[in-house]
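Input: a single structure, listed below in structure tokens.
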Amino acid sequence: MYEQKTKPTDQDVNEFIESLSLSERKRAQSYQLLQLFAETSGYPPVMWGPSIIGFGKYQYTYPTGHSGESMLVGFSPRKQHFSLYFATGDDKRQTLLDRLGKHRAGKACVYVTNTDNIDQDVLKALITQSIAFLREHHKVV
Numbered sequence: 364m365y366e367q368k369t370k371p372t373d374q375d376v377n378e379f380i381e382s383l384s385l386s387e388r389k390r391a392q393s394y395q396l397l398q399l400f401a402e403t404s405g406y407p408p409v410m411w412g413p414s415i416i417g418f419g420k421y422q423y424t425y426p427t428g429h430s431g432e433s434m435l436v437g438f439s440p441r442k443q444h445f446s447l448y449f450a451t452g453d454d455k456r457q458t459l460l461d462r463l464g465k466h467r468a469g470k471a472c473v474y475v476t477n478t479d480n481i482d483q484d485v486l487k488a489l490i491t492q493s494i495a496f497l498r499e500h501h502k503v504v
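Numbering-wise (this note's numbering), the sequence shown opens with residue 364 and increments by one.
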């Protein structure tokens, strides 16, 4: 049976950020993202696995019957970039990404090297839209 690897832990978020080998600029931006995600989502930060800071939680079930829980939104500070996590499958996401600023996007992640190069209001809209999309399609817990 499959066991989900990325799940909530009791690890302290601030201790996690402080434990990373980040530049002072990247550390400051980590705390700025922490505040922005918490204020915009309305959820407290929780460590998901060893390296992702998540906000909120929802339950999903795939057509195959596999089910589990995941964070609504989140981010992971990394040495090279920040990985920002939003809902997949949302058609409105690309319109917001087009206005975000300098980034790379994968299926679930948006990669940002420097948060000074992105529009903070668009980032807030991405967080809000992602949560709205997940509320519409899944059970938020």
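Here a beta-carbon is modelled for each residue, glycine too, at the ideal position from N, C-alpha and C.
Computed from a prediction, not measured in an experiment: that's the story for all the values here.
In this structure, the beta-carbon distance from Leu399 to Pro408 does not fall below 8 Å. From the listed residues Val503, Thr372, Ile490 and Leu383, the smallest Cα separation to Ala401 is found for Ile490. The DSSP-derived three-state label of Thr424 is strand. In the three-state DSSP reduction, Tyr394 falls in the helix class (H, G or I). Annotation for Val504: no beta strand (DSSP E) segment contains it, and DSSP assigns it neither H nor E.
The shortest C-alpha to C-alpha distance from Thr372 to any of Pro426, Val475, Phe418 and Glu381 is the one to Phe418. By the CB criterion at 8 Å, His444 and Val485 fall outside the cutoff. The criterion of a C-beta distance shorter than 8 Å is not satisfied by Leu435 and Ile481.
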